[in-house]
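Trainee: Sharing a structure with you now.
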Amino acid sequence: MQKDNDSGGPSMHGGLTGRLRRRRGSNEVPSEVDKANGSHLLVDDRNKYKSMLIRIYSSVWMIGGFAFIIYMGHLYIWAMVVVIQIFMARELFNLLRRSHEDRRLPGFRLLNWHFFFTAMLFVYGRILNQRLANTVTSDKFLHKLVTGFIKYHMVTCYFLYIAGFMWFILTLKKKMYKYQFGQYAWTHMILIVVFTQSSFTVANIFEGIFWFLLPASLIVINDIAAYFFGFFLGRTPLIKISPKKTWEGFIGASFATIVSAFVLANILGRFQWLTCPRKDLSTGWLHCDPGPLFKPYYFTVPQWFPQWFPWREISVLPVQWHALALGLFSSIIAPFGGFFASGFKRAFKIKDFGDSIPGHGGITDRMDCQMVMGVFAFIYHQSFIVSQSVSIEAIMDQILMNLTFEEQRALFMKLEQIIQERQFGES
Amino acid sequence: MQKDNDSGGPSTTSGLTGRLRRRRGSNEVPSEVVKANGSHLLVDDTKKYKSMLIRIYSSVWMIGGFAFVIYMGHLYIWAMVVVIQIFMARELFNLLRRAHEDSRLPGFRLLNWHFFFTAMLFVYGRILNQRLANTVTSDKFLHKLVIGFIKYHMVTCYFLYIAGFMWFILTLKKKMYKYQFGQYAWTHMILIVVFTQSSFTVANIFEGIFWFLLPASLIVINDIAAYFFGFFLGRTPLIKISPKKTWEGFIGASFATVVSAFVLANILGRFQWLTCPRKDLSTGWLRCDPGPLFKPDYFNVPQWVPLWFPWREISVLPVQWHALALGLFSSIIAPFGGFFASGFKRAFKFKDFGDSIPGHGGITDRMDCQMVMAVFAYIYHQSFVVPQSLSIEAIMDQILMNLTFEEQRALFMKLEQIIQERHFVES
Chain A
1 MQKDNDSGGP
11 SMHGGLTGRL
21 RRRRGSNEVP
31 SEVDKANGSH
41 LLVDDRNKYK
51 SMLIRIYSSV
61 WMIGGFAFII
71 YMGHLYIWAM
81 VVVIQIFMAR
91 ELFNLLRRSH
101 EDRRLPGFRL
111 LNWHFFFTAM
121 LFVYGRILNQ
131 RLANTVTSDK
141 FLHKLVTGFI
151 KYHMVTCYFL
161 YIAGFMWFIL
171 TLKKKMYKYQ
181 FGQYAWTHMI
191 LIVVFTQSSF
201 TVANIFEGIF
211 WFLLPASLIV
221 INDIAAYFFG
231 FFLGRTPLIK
241 ISPKKTWEGF
251 IGASFATIVS
261 AFVLANILGR
271 FQWLTCPRKD
281 LSTGWLHCDP
291 GPLFKPYYFT
301 VPQWFPQWFP
311 WREISVLPVQ
321 WHALALGLFS
331 SIIAPFGGFF
341 ASGFKRAFKI
351 KDFGDSIPGH
361 GGITDRMDCQ
371 MVMGVFAFIY
381 HQSFIVSQSV
391 SIEAIMDQIL
401 MNLTFEEQRA
411 LFMKLEQIIQ
421 ERQFGES
Chain B
1001 MQKDNDSGGP
1011 STTSGLTGRL
1021 RRRRGSNEVP
1031 SEVVKANGSH
1041 LLVDDTKKYK
1051 SMLIRIYSSV
1061 WMIGGFAFVI
1071 YMGHLYIWAM
1081 VVVIQIFMAR
1091 ELFNLLRRAH
1101 EDSRLPGFRL
1111 LNWHFFFTAM
1121 LFVYGRILNQ
1131 RLANTVTSDK
1141 FLHKLVIGFI
1151 KYHMVTCYFL
1161 YIAGFMWFIL
1171 TLKKKMYKYQ
1181 FGQYAWTHMI
1191 LIVVFTQSSF
1201 TVANIFEGIF
1211 WFLLPASLIV
1221 INDIAAYFFG
1231 FFLGRTPLIK
1241 ISPKKTWEGF
1251 IGASFATVVS
1261 AFVLANILGR
1271 FQWLTCPRKD
1281 LSTGWLRCDP
1291 GPLFKPDYFN
1301 VPQWVPLWFP
1311 WREISVLPVQ
1321 WHALALGLFS
1331 SIIAPFGGFF
1341 ASGFKRAFKF
1351 KDFGDSIPGH
1361 GGITDRMDCQ
1371 MVMAVFAYIY
1381 HQSFVVPQSL
1391 SIEAIMDQIL
1401 MNLTFEEQRA
1411 LFMKLEQIIQ
1421 ERHFVES
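As given, the protein sequences belong to chains A and B, one line each in that order. Residues in the first sequence are numbered consecutively from 1, following the numbering used here. Residues in the second sequence are numbered consecutively from 1001, following the numbering used here.
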């Protein structure tokens, strides 16, 4: 996410302090700067090279760490997502807290974390219950424990939530009602934003790291391409909320993203580590039949291609066409996540969500477009990919592997009922 | 939900206007009244009989209308829930809207309703997709249409939401960012509150009207009993947020609710109209085998019961024990929904959510405890009454969404073969 590149502008602040009426916190946007200089584009900023170096330095570290985690596997990626969530939630919880009121409400912050861990238990319990059951099949006692957990999972989470709800009501203090209700609503909004996207992301991871890595990489590529296209070619402002964005950056990045989507899908689709789904919570190597989406078919290169072109035939994985759709979405719609975050920061007059990452701001600043993309990637996968790879054999495998004898019989009877009703209706 | 019974107090407000510094809207709580008179309990209010008559009058109409809709059936109950939702959403959308800002943002209210209808499509599409498919089995074309709708349901709702999201961002106006973001968050909170409980309510309805009628009736009984116990016996205030509630009312109502739960479950459980699940969207009479929960056990009346007692044995439906749990929850925890609504009204300084129902306030005032109860009833039902296996549901979803008729029949026959083989081996 491109942040308003004002970090290298102390000279401009000094000249304008005379015009300010109120004390500004260090995190606030010097909005008068934008108005005074018209469209303050990246190309004209003298300190831009210095800030670019800082950004490149932290980007390299982030991308390197990310690649290492991908190599480690599904469980570690999940752990990374959880850690990112915790940091995002902490940044966001701290944002609209006012320390004056908070001192008079001891234990109120604890309530936020109580809701956070309830949400985590609920979301990850739902997504991973089947895989958890598959992991502990060897041990009878653990299996009973896990099955019991899965059965009463919803009730447990519900009562944890109700406990938090009752705790909130019992700690309502006179004259602080408005602040407390505001914080309660804010907590819910944060948890929804943080957990929706992460739950979809984790669901995608266990379907195959490819479906997590490709969308995330496309967002990173889109960001980086937009930054550099804007840096070198940017002239026309794109949208009022983010004055540093330009149409040249946007269009150049779209083109670059779609092309990289097509190419990247080909490269990534060759690794079984990335394309195989993980059926349990183990960490070993994966082997599987990747399915028809990842089997290449070959085009012979058409006649008009130049002779020096080294390949006589091009292999295309069917998944590359899906990657085009992902690329299109990530370049056109995902940036709106960034605009939303920018608008939000302007509305509440904050410069960044935090300052964990030098040159980029806080973790939420990095994750704002990822969130929109993560949800789309999951929904796309569920609607268009799964139906192609599902077959009678695959479902039979699931039935025989995942269900107990009684459950299989129950499934059989349900299916029987539906088929008979349909036959009845048709005849 | 008992509302602060200040509607009959114009005499008390006029005497205090001298102490007020700011103009108060007609919907605001005259908080000084409560402070001036200490604990202003219902027993001491001289206008209480007049307000009681108004409340009884509107209660009779509401209960009568409700009974009529129950008689009409599942589809009409669903329609009633939808209508209640629309009115609740309208009340809540209007609450924190400020007319001054709204006149400068044309089309912003339309955005709220866009999100409302997207949420409705999503929630009801998920719950009712299976039943919709069962309704149109006779017509090949319609069936194809419905299956297509079910398959692409999530994508459709997602794109509708994204369209609303992008619309919101493109209509952000300078200097109104904070108001617009506040409204956006408020819209989301309203939709979550309104749709969570109604989706669970509707899911319960189609499992059997009993599971909707019993919890709803318990809340009504709890309210009415608390009102009358408080009216005649109330002395000790219960909680600061709702100064009209008393411990006598609370305890008396709990006792009355638990007893009525036990008795009501017996009465309601005898009607097949109420206990049979509805598998499709038809409106005719239902016949089914209600299951072991509704088959009466007979107890012999113990010796110490007096001889004039007419029954020699008591029939108890197993479901009555579940009803005790529902009764306990509705008397102890569901009132917290009312406390939340009271605290919210105090925080934002208005008297009622609306004025649709004379003597009671708006629709949200009536539904606040119902919402907490409906969610619990659904979760209780799913966890303890009909232990649904998530795995079976997930696999059934896959089978129905992704396989054609012939494939489903082939799967069915394979499964039949496997189960028969297993039977053979076991016997």
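For every residue, glycine included, the Cβ atom is placed at its ideal position computed from N, Cα and C. Quick caveat: nothing in here was measured; it's all calculated off a predicted structure.
Looking at the secondary structure, which residues open and close the beta strand (DSSP E) in which S1315 (chain B) lies?
Mentor: Within the second sequence, numbered from 1, the residue matching residue 1315 (chain B) stands at position 315. Under the DSSP assignment, S1315 (chain B) falls in the beta strand (DSSP E) whose first and last residues are E1313 to V1316.
Trainee: To which residues does DSSP link S315 (chain A) through a beta bridge?
Mentor: Residue numbering aside, residue 315 (chain A) sits at position 315 when the first sequence is read from its first letter. Beta-bridge analysis with DSSP links S315 (chain A) to A:Y298.
Trainee: Hey, how far is the Cα of P1243 (chain B) from the Cα of R1366 (chain B)?
Mentor: On the second sequence, residue 1243 (chain B) is found 243 positions in, with the first residue counted as 1. On the second sequence, residue 1366 (chain B) is found 366 positions in, with the first residue counted as 1. If you take the alpha carbons of P1243 (chain B) and R1366 (chain B), they lie about 18 Å apart.
Trainee: Grab me the residues of R1278 (chain B)'s own chain with a C-beta within less than 6 Å of its C-beta, minus the 5 sequence neighbours each way, in chain order.
Mentor: Taking the second sequence and counting its residues from 1, the one referred to as residue 1278 (chain B) is at position 278. Hits under 6 Å: H1074 and F1206.
Trainee: Do we get a CB-CB distance below 9 Å when we pair W1285 (chain B) with the residues of chain A?
Mentor: Reading the second sequence from its first residue, position 285 is the one you call residue 1285 (chain B). So, not an interface residue.
Trainee: Could you tell me how far apart the beta carbons of G1252 (chain B) and F1229 (chain B) are, in whole angstroms, since I believe they sit closer than 8 Å?
Mentor: Here residue 1252 (chain B) refers to the residue found at position 252 when the second sequence is read from its first residue. Here residue 1229 (chain B) refers to the residue found at position 229 when the second sequence is read from its first residue. About 3 Å; that satisfies the 8 Å criterion.
Trainee: Could you check what DSSP says for T1404 (chain B) in three-state terms: helix, strand or coil?
Mentor: Residue mapping note: residue 1404 (chain B) aligns to position 404 of the second sequence, counting from 1. It is coil, neither helix nor strand.
Trainee: Consider the Cβ of N37 (chain A): report whether some Cβ of chain B lies at a distance smaller than 9 Å.
Mentor: Residue numbering aside, residue 37 (chain A) sits at position 37 when the first sequence is read from its first letter. The predicted model places N37 (chain A) with a pLDDT of 43, which falls under 50 and marks its position as unreliable, so this point remains unresolved.
Trainee: Check S1031 (chain B) in the structure and name its three-state DSSP category.
Mentor: Translated into positions along the second sequence, residue 1031 (chain B) becomes position 31. Only weak support is given to the placement of S1031 (chain B): the predicted model assigns it a pLDDT of 41, under 50, and the question is left unresolved by the model.
Trainee: Quick one: which chain A residues come within Cβ less than 7 Å of E1407 (chain B)?
Mentor: Counting from one through the second sequence, the residue named residue 1407 (chain B) turns up at place 407. Per Cβ cutoff of 7 Å: I392.
Trainee: Looking only at C-alpha atoms, which of A:G208, A:T404, A:L218 and A:L400 sits nearest to S330 (chain A)?
Mentor: Counting from one through the first sequence, the residue named residue 330 (chain A) turns up at place 330. Looking at the Cα atoms, A:L218 is the closest of the given residues.
Trainee: Kindly indicate the opening and closing residues of the beta strand (DSSP E) around F353 (chain A).
Mentor: Against the first sequence, residue 353 (chain A) aligns to sequence position 353. Careful: F353 (chain A) lies outside any beta strand (DSSP E) and carries neither H nor E.
Trainee: Quick one: is S31 (chain A) buried, meaning 16 or more other Cβ sit within 10 Å of its Cβ, or exposed?
Mentor: Here residue 31 (chain A) refers to the residue found at position 31 when the first sequence is read from its first residue. Legend: pLDDT at S31 (chain A) = 41, less than 50; position of this residue unreliable, value from coordinates given subsequently. Exposed, since its Cβ has fewer than 16 Cβ neighbours within 10 Å.
Trainee: Between the stretch 325-351 of chain A and chain B, which residues of the former have a C-beta closer than 8 Å to a C-beta of the latter?
Mentor: I333, F336, F339, F340, G343, F344, R346, A347 and F348
Trainee: Is it buried or exposed, K351 (chain A), if we count other Cβ atoms within 10 angstroms and call 16 or more buried?
Mentor: Position 351 of the first sequence, counted from the start, is the residue given in the question as residue 351 (chain A). K351 (chain A) is buried by the Cβ-count criterion.
Trainee: Since N134 (chain A) is in the alpha helix (DSSP H), which residue starts that stretch and which ends it?
Mentor: What you label residue 134 (chain A) is simply residue 134 of the first sequence in a count that begins at 1. Per DSSP, N134 (chain A) belongs to the alpha helix (DSSP H) from F108 to T135.
Trainee: Hey, quick one: how far does the beta strand (DSSP E) through F1299 (chain B) stretch, first residue to last?
Mentor: As a first step, residue 1299 (chain B) must be located in the second sequence, where it is residue number 299. Note, F1299 (chain B): beta strand (DSSP E), D1297 to N1300.
Trainee: Out of B:P1106, B:I1314 and B:Y1124, state which residue places its alpha-carbon closest to the alpha-carbon of P1302 (chain B).
Mentor: As a first step, residue 1302 (chain B) is located in the second sequence; it is residue number 302 there, counting from the start. Per the Cα distances, B:I1314.
Trainee: Which bits of chain A does F1348 (chain B) rub up against, with CB to CB less than 9 Å?
Mentor: Numbered from its first residue, the second sequence carries residue 1348 (chain B) at position 348. Those are Y177, K178 and F181, listed as they occur along chain A.
Trainee: Verify the CB distance criterion: does V375 (chain A) have a CB-CB separation below 9 Å to chain B?
Mentor: Locating residue 375 (chain A) in the first sequence gives position 375, counting from the first residue. True, the Cβ-Cβ gap to chain B drops below 9 Å.
Trainee: To the nearest angstrom, how far is it from the Cα of P10 (chain A) to the Cα of G359 (chain A)?
Mentor: The count along the first sequence starts at 1 and reaches residue 10 (chain A) at position 10. The count along the first sequence starts at 1 and reaches residue 359 (chain A) at position 359. In this prediction, P10 (chain A) has a pLDDT of 39, which is less than 50 and means its spatial position is unreliable; nothing more can be read from the coordinates.
Trainee: If we cut at 9 Å on Cβ distances, does G1107 (chain B) have a partner in chain A?
Mentor: Taking the first residue of the second sequence as position 1, residue 1107 (chain B) is located at position 107. False, the Cβ-Cβ gap to chain A never drops below 9 Å.
Trainee: From the DSSP output, in three-state form, read off G361 (chain A) for me.
Mentor: In the first sequence, the residue the question calls residue 361 (chain A) occupies position 361. When DSSP states are grouped into helix, strand and coil, G361 (chain A) belongs to the strand group.
Trainee: Near Y184 (chain A), what residues of its chain come up, given a Cβ to Cβ distance below 7 Å and the 5 sequence neighbours on each side ignored?
Mentor: Taking the first sequence and counting its residues from 1, the one referred to as residue 184 (chain A) is at position 184. The residues are F168.
Trainee: Against S1315 (chain B), what residues of chain A qualify as contacts under a CB-to-CB distance less than 7 Å, listed in chain order?
Mentor: Taking the second sequence and counting its residues from 1, one reaches residue 1315 (chain B) at position 315. The premise fails here: S1315 (chain B) is roughly 29 Å from chain A at the closest Cβ pair, so nothing lies under 7 Å.
Trainee: Which residues, taken in chain order from the stretch 97-126 of chain A, show a beta carbon closer than 9 Å to some beta carbon of chain B?
Mentor: R126
Trainee: Measure the Cβ-Cβ separation of A1334 (chain B) and F1200 (chain B) and say whether it is below 9 Å.
Mentor: Working through the second sequence from its first residue, we reach residue 1334 (chain B) at position 334. Working through the second sequence from its first residue, we reach residue 1200 (chain B) at position 200. Taking 9 Å as the Cβ cut-off, A1334 (chain B) and F1200 (chain B) do not qualify as a contacting pair.
Trainee: Can you pull the chain A residues whose beta carbon is under 7 Å from the beta carbon of I1162 (chain B), in chain order?
Mentor: Counting from 1 along the second sequence, the entry for residue 1162 (chain B) is found at position 162. Here the neighbours are I333.
Trainee: Verify the CB distance criterion: does Q408 (chain A) have a CB-CB separation below 9 Å to chain B?
Mentor: Within the first sequence, the letter at position 408 stands for residue 408 (chain A). For Q408 (chain A), the answer is yes, since a Cβ of chain B falls inside 9 Å of its Cβ.
Trainee: Determine the extent of the alpha helix (DSSP H) in which T246 (chain A) is found, giving its start and end residues.
Mentor: In the first sequence, residue 246 (chain A) corresponds to position 246, counting from 1. No alpha helix (DSSP H) contains T246 (chain A), which DSSP labels as neither H nor E.
Trainee: Could you check whether W273 (chain A) and G65 (chain A) sit closer than 9 Å to each other, using their CB atoms as the reference points?
Mentor: Stepping through the first sequence from its first residue, residue 65 (chain A) is reached at position 65. Stepping through the first sequence from its first residue, residue 273 (chain A) is reached at position 273. In this structure, W273 (chain A) does not lie closer than 9 Å to G65 (chain A) by Cβ.
Trainee: Nearest to A1291 (chain B) by alpha carbon, out of B:H1114, B:Q1420 and B:G1208?
Mentor: Stepping through the second sequence from its first residue, residue 1291 (chain B) is reached at position 291. Correcting the residue identity first, residue 1291 (chain B) is Gly in this sequence and not Ala. If we check each option's Cα against that of G1291 (chain B), B:G1208 comes out closest.
Trainee: Would L1403 (chain B) pass as an interface residue toward chain A - the criterion being a Cβ-Cβ separation below 9 Å?
Mentor: In the second sequence, residue 1403 (chain B) corresponds to position 403, counting from 1. Yes, contact with chain A.
Trainee: P237 (chain A) by DSSP, collapsed to three states: which one?
Mentor: Along the first sequence, one-based indexing puts residue 237 (chain A) at 237. Of the three classes helix, strand and coil, the one that applies to P237 (chain A) here is strand, per DSSP.
Trainee: Which class does P1335 (chain B) belong to by DSSP, given the choice of helix, strand or coil?
Mentor: Position 335 of the second sequence, counting from 1, holds the residue named residue 1335 (chain B). In this structure, P1335 (chain B) counts as helix in the three-state DSSP scheme.
Trainee: How long is the line joining the alpha carbons of I252 (chain A) and G327 (chain A), rounded to whole angstroms?
Mentor: On the first sequence, position 252 is the one that residue 252 (chain A) refers to. On the first sequence, position 327 is the one that residue 327 (chain A) refers to. The amino acid occupying residue 252 (chain A) in the given sequence is Gly; Ile does not appear at that position. Taking the straight line joining both Cα atoms gives about 13 Å.
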